[in-house]
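Q:
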Amino acid sequence: MIKDNKNIIEIQNINKYFGEGENRVHILKNISLTIEKGDFVSIIGQSGSGKSTLMNIIGCLDKATSGKYYIAGEEISQFTPDELSELRKRKFGFIFQRYHLLSSLNAQENVALPAIYAGADHDTRMARAEKLLDKLELSNKLKNKPNQLSGGQQQRVSIARALMNGGEIILADEPTGALDSKSGIMVMKILNQLHEEGHTIILVTHDKGIASQANRIIEIKDGEIFNDTRQREIKKEALEEKSEINNLKKNKFQVAKDQFFESFNMSIAAIVAHKMCSLLTMLGIIIDIASIVCVVAIGNGSQQKVLENISSLGTNTMDIFNGEGMGNRFADRIKSLSTTDVDILEKQSYIDSVTPNSSSSGTIVYQNQSYSGSLKGVGADYFDVRGVKVTSGRAFSKEDEEELSSVALIDENT
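Using the working numbering, the letters of the sequence shown correspond one by one to residues 599 to 1012.
1. Between the segment 677-694 and the segment 618-635, can you find at least three pairs of beta-carbon atoms closer than 8 Å?
2. Do you know how far the Cα of residue 955 is from the Cα of residue 919?
3. Roughly how many angstroms lie between the CA atoms of residue 606 and residue 677, to the nearest whole one?
4. Give the straight-line distance between the Cα atoms of residue 806 and residue 832, rounded to the nearest whole angstrom.
5. Comparing alpha-carbon positions, which option in 978, 975, 959 and 873 lies nearest residue 969?
6. If we call anything under 8 Å between Cβ atoms a contact, is residue 697 one with residue 752?
7. Please list, in chain order, all residues of the same chain as residue 756 whose beta carbon is under 6 Å from its beta carbon, the five residues on each side excluded.
8. Out of 783, 779 and 789, which one is the CA nearest neighbour of residue 767?
9. Are the Cβ atoms of residue 1005 and residue 979 separated by less than 8 Å?
10. Figure out for me which residue from 659, 944 and 824 has the closest Cα to the Cα of residue 644.
11. Give me the Cα-Cα distance between residue 981 and residue 992, rounded to the nearest whole angstrom.
12. Are the beta-carbon atoms belonging to residue 803 and residue 640 less than 8 Å from one another?
13. Residues in its own chain within less than 8 Å of residue 867 by CB, not counting five upstream and five downstream?
14. Using a Cβ-Cβ cutoff of less than 6 Å, which residues in the same chain neighbour residue 599 once the five nearest sequence positions on both sides are dropped?
15. Might you give, ordered along the chain, the residues of its own chain that have their beta carbon closer than 7 Å to the beta carbon of residue 743, omitting 5 neighbours on each side?
16. Leaving aside the five residues before and after residue 654 along the sequence, list all residues of the same chain whose C-beta is less than 6 Å from its C-beta, in chain order.
17. Going by DSSP, name the residue or residues bridged to residue 803.
18. Could you spell out the range, first to last residue, of the alpha helix (DSSP H) harbouring residue 789?
19. What is the DSSP secondary structure of residue 826, counted as helix, strand or coil?
20. For residue 610, I'd like the list of residues in its chain whose CB is within less than 7 Å of its CB, leaving aside the five on either flank, ordered along the chain.
21. Where does residue 649 fall in DSSP's three states?
22. Does DSSP classify residue 623 as helix, strand or coil?
23. Going by other Cβ atoms of all chains shown within 10 Å of its Cβ, with 16 needed for buried, is residue 782 buried or exposed?
24. Please go through the same chain and pick out, in chain order, the residues whose beta-carbon is closer than 7 Å to the beta-carbon of residue 830, but skip the five residues on each side of it.
25. Quick check: residue 792 and residue 785, are their CB atoms within less than 8 Å of each other?
26. Given a cut-off of 8 Å on the beta-carbon distance, is the pair residue 730 and residue 762 in contact?
27. Which ranges would you report for the alpha helix (DSSP H) in the segment 935-1000 if only whole runs of at least 4 residues count?
28. Within its chain, find whatever has a CB closer than 6 Å to the CB of residue 649; leave out the 5 residues flanking it on each side and keep chain order.
29. For residue 948 and residue 977, what's the separation of their Cα atoms in angstroms?
30. Is residue 695 helix, strand or coil by DSSP?
31. State yes or no: is the C-beta of residue 669 within less than 8 Å of the C-beta of residue 800?
32. Classify residue 608 as helix, strand or coil using the three-state DSSP reduction.
33. In the DSSP output, which residue or residues are listed as bridge partners for residue 616?
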């Protein structure tokens, strides 16, 4: 729906809630107001009054729970996040109490940031940023990082950033709150100058002295407007000159490519600017990845070992013992199994391999050396039955078994 766009901002019965259920808090209560093009409006209130929440809704940084919002006659309450982002880029410039400058970028690069999202090329961005900084008497600070600037200079950089894409509507949230009195006076002088040039200024503050410099003062308390006073009429026509940034013809592919490379360059600059922090972060990531790899490797190795042990038992292998069952205390005394049983089992068509198995402990003698160990007597098929592989030498043969040859195999622990 498009309305008469004499009012650049029109809000109707805006409500804002935070939380759910019993914890739900009513922050803004049926707020309605209109702001004309080129006006200078201050919104004043104590902390917790809802003024910052109202500013966030006006600046399309947040959405109201209910109510209608018109910008230049267009109803935007149902805009998607992408549509709101596009609207912010075209219409708004933001000035914050704490500046919010990127520490890894210099003043000129900080000012040029909004134009990246508008699709302007590098040279166009830098030329306009330099022009704006020169206008705000910072032409000698183009290459200075934020930590090389005073508070007042940083705030002027943030004002230039707000104007980068045109800044038809300037939203200033406590712009003098972190400044000394001299710097605060300079910032207010700049805002008044922008108002004279036709920008619509919306100033949020709790300082009545600062608020009194506006044409109109809106007082908010407990989420409601309880006083709206106009001190002066609008002296000048609204801003007619548009930023060339928003009027550029843009190739979407080129814009996407430029944004990617700019983001990449800013990331590299941030890493270089904070070497120790970046090193510690990367070290933490490396340790985490190495730990995970080690744990997975140990787990896989253990799993493989267990599977090998299970595989050696065989899924189709049967052991026959003396006695009535497992745990029979007299099994050692029973001698019912013999090599004759082995011969009988070997003749069965459904049996592949059979081996006798007799074990005991004793002394193993080789030349002039003797060892205590476990001895196991088996047949030639033992290695097939148990899946044992000989790493050196050879396994027993049928001839060894028939001739009762004195041959032995030792394990790797002997």
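The C-beta atom is built at its ideal place from N, Cα and C for all residues, glycine as well.
A: So, to answer that:
1. no
2. 10 Å
3. 17 Å
4. 20 Å
5. 959
6. yes
7. 693 and 697
8. 789
9. no
10. 824
11. 11 Å
12. yes
13. 702 and 703
14. The predicted model places residue 599 with a pLDDT of 46, which falls under 50 and marks its position as unreliable, so this point remains unresolved.
15. 701 and 704
16. 660
17. 642
18. 779-794
19. strand
20. 630, 665 and 666
21. helix
22. strand
23. buried
24. 813
25. no
26. yes
27. 937-944 and 980-984
28. 641, 643, 802 and 818
29. 19 Å
30. coil
31. no
32. strand
33. 623
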